[in-house]
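Before any comments, here is the structure.
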Amino acid sequence: MGENIFDNLLSHPSLFVNKEVLRHSHHPSELPHRKKEIKAIRFNLVEALKGQIPSNMVLYGVTGAGKTAVTRFICSQLEGKGKQIGKSVNPVHVNCRTIDTQYRVLAFLGNSLLEDNEKEDIPFTGWPTDRVFEELVKRMNERGGVHVIVLDEIDHLVKKVGDDLLYNLCNINDDLKRRGQARCCVIGISNDLKFTEYLDPRVKSRLGQEDVIFSPYDAVQLKDILEDRAEIGIKTNSLSEGVLQLCSALAAQEHGDARRALDLLRVSTEKAEQSGCETVEVQHVRMAQNQIECDQITPIIKTLPPQQKLVLYSVLLNEKNGLSNIATGEVYEIYRQACQHYGTNNLTQRRITDLLSNLDMLGLINSKTVSRGRYGRSKQINSCMPISIDATSLMIASDEALSAVDSGSYRFQTRL
DNA sequence: CCTCCACCGGAACGTGAGGAGT
DNA sequence: ACTCCTCACGTTCCGGTGGAGG
């Protein structure tokens, strides 16, 4: 009977009381600083309780602005009130990033209306789409009442498969009326303010009868949110001074993303736990920030084309030598040497300019064009790597790029 | 005020991969 | 299997430019 490797960890007291509330899968019942938005949506959806059809809506806002949380909250309240007063209201939440074809959305909606086992499931695939639609209409009418269909990340769906589904859903009330009493309204949730440009004008006007814009949280608001969650999620008195401020300030920089704020708080508490501390310190937040950034950046670097990695590598190499505000020419020089060293062809400087602006767009480097007068006009380039990724990214950037180049998995021009 | 550096970035073009249609 | 088309990647050529220094 040796020691079990988990003994140690289990006996160590946790800093978490309830880790779930710090995840973004958690649906809170308190939503600070979203009164205005809640009011607008509530005002529209109350029609459902009066037996009327609420307008279709589109909710806009950056990630982590609370769109999903607000919608879920209102829907559950709506459903609850409906039950209480005997009006059937049936909200369905569809995440269009995971359920991302017309067929799957319709099937999902249809199957969400399954009662008992009296009906057959709509299969994953196999039926013609219009039959699924028919079935959905039938089931909605059998259930009756008002159906609220929430299409989360609707912009993603539209960009992928067009607006057919929305066209059908916007006109579904006609089909419902023809055969029953049920009514339906659609709420789209979008990260992209301009996604309606992808829509047919008819769909656009039907869907966007009422828009609600969620502005990003500022640091103060984020702090309020974190305080609420920390109170129920983390052991009392285990957050030291400034931890919440820092988490919210960092997340506010990240376009006011509440998810990021929660991630930061959760990960930094984990970090504190791992290092056996009784309290979460500011340094743990820094560690967490670093880790989250690494987790975001690493996959991006991994999928970069080899030449692009080499360019990034050249920038990092310059920085490693203590240089900052590197000019394009300097990067190109290093890049050429690197190519020579590894025996690969080098691209022209014109091309490198494009690759650099590409890296800029990906947020891996920071570049701005400046004029140094007599000494020409160029870019000032700096990398955006979190500190701890430096070594790793160098490895990835160099080794993987070059192994890809060596193994010939990348095509080079064979010139005379 | 003019020059001139060191690059920016648009335009036109070539090339091969991969998808659609037949 | 075939053509046709689009797309991403690269190249060449070149006009454009903000401001330090003369």
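Count along the first sequence starting at 1, add 101, and that's the number in the numbering used here.
Think of the CB as a built atom: it goes at the ideal place given N, C-alpha and C, for glycine as much as any other residue.
Each residue's CA atom was taken as its position, placing asparagine 446 and arginine 437 some 9 Å apart. In the DSSP annotation of this structure, the continuous segment of the alpha helix (DSSP H) that includes phenylalanine 144 starts and ends at 136-150. The beta-bridge partner set that DSSP reports for glycine 162 consists of Phe315. Non-local beta-carbon contacts of glycine 281 in its own chain, meaning distances under 6 Å to residues more than five positions away in sequence, involve Asn242 in chain order.
When only Cα atoms are considered, valine 386 and leucine 456 end up about 33 Å apart. For glycine 181, the enclosing alpha helix (DSSP H) has its first and last residue at 168-186. Between asparagine 274 and isoleucine 154 the beta-carbon gap is near 7 Å, inside 8 Å, which marks them as a contact. Asparagine 426 and cysteine 285 have their C-alpha atoms some 57 Å from each other. Distance from glycine 183 to leucine 150 at the Cβ level is roughly 6 Å; contact confirmed, criterion being Cβ atoms closer than 8 Å.
Around the C-beta of methionine 462, fewer than 16 other C-beta atoms lie within 10 Å, and the residue is accordingly described as exposed. Between the region 202-218 and the region 342-349 there are fewer than three C-beta pairs closer than 8 Å, too few to call the two in contact. Cysteine 197 is not a Cβ neighbour of leucine 270, given a cutoff of 7 Å. For histidine 113, the closest C-alpha among the options Glu379, Lys480, Gly474 and Tyr318 is that of Glu379.
DSSP places proline 400 within a helical segment (H, G or I) once states are collapsed to three. In the DSSP assignment, aspartate 253 falls within the beta strand (DSSP E) that extends over 247-253. Counting only the Cα atoms, histidine 248 lies some 13 Å from valine 147. Following the DSSP letters along the chain, one finds asparagine 196 inside the beta strand (DSSP E) bounded by residues 190-196. DSSP places isoleucine 154 outside any beta strand (DSSP E), giving it a letter other than H or E. DSSP places glycine 211 in the uninterrupted alpha helix (DSSP H) bounded by 203-213. In the three-state reduction of the DSSP assignment, asparagine 269 falls in the helix class.
Between isoleucine 290 and leucine 160 the beta-carbon gap is near 5 Å, inside 8 Å, which marks them as a contact. Aspartate 256 sits away from aspartate 312, with the two beta carbons spaced by 7 Å or more. With 16 or more other CB atoms across the displayed protein chains lying within 10 angstroms of its CB, asparagine 145 is buried.
Following the DSSP letters along the chain, one finds asparagine 459 inside the alpha helix (DSSP H) bounded by residues 450-462. DSSP places glutamine 481 inside the beta strand (DSSP E), whose first and last residues are 478-484.
Distance from the CA of glutamine 354 to the CA of serine 468, rounded to the nearest whole angstrom, comes to 19 Å. The Cβ-Cβ distance between leucine 323 and alanine 283 does not fall below 7 Å.
Residue environment for aspartate 231: exposed (fewer than 16 other C-beta atoms within 10 angstroms of its C-beta).
Nearest to cysteine 485 by C-alpha distance, out of Ile453, Ser472, Ile402 and Pro407, is Ile402. With at least 16 other beta carbons inside 10 angstroms of its own, isoleucine 466 counts as buried. Contact check for glutamate 235 against glycine 211 fails: the beta carbons are separated by 7 Å or more. Remark: fewer than three beta-carbon pairs, one from each stretch, lie closer than 8 Å, so the region 419-433 and the region 371-378 are not flagged as touching. The beta carbon of threonine 297 lies closer than 8 Å to those of Val159, Lys305, Leu308 and Gly309 in the same chain, with the five residues before and after it left out.
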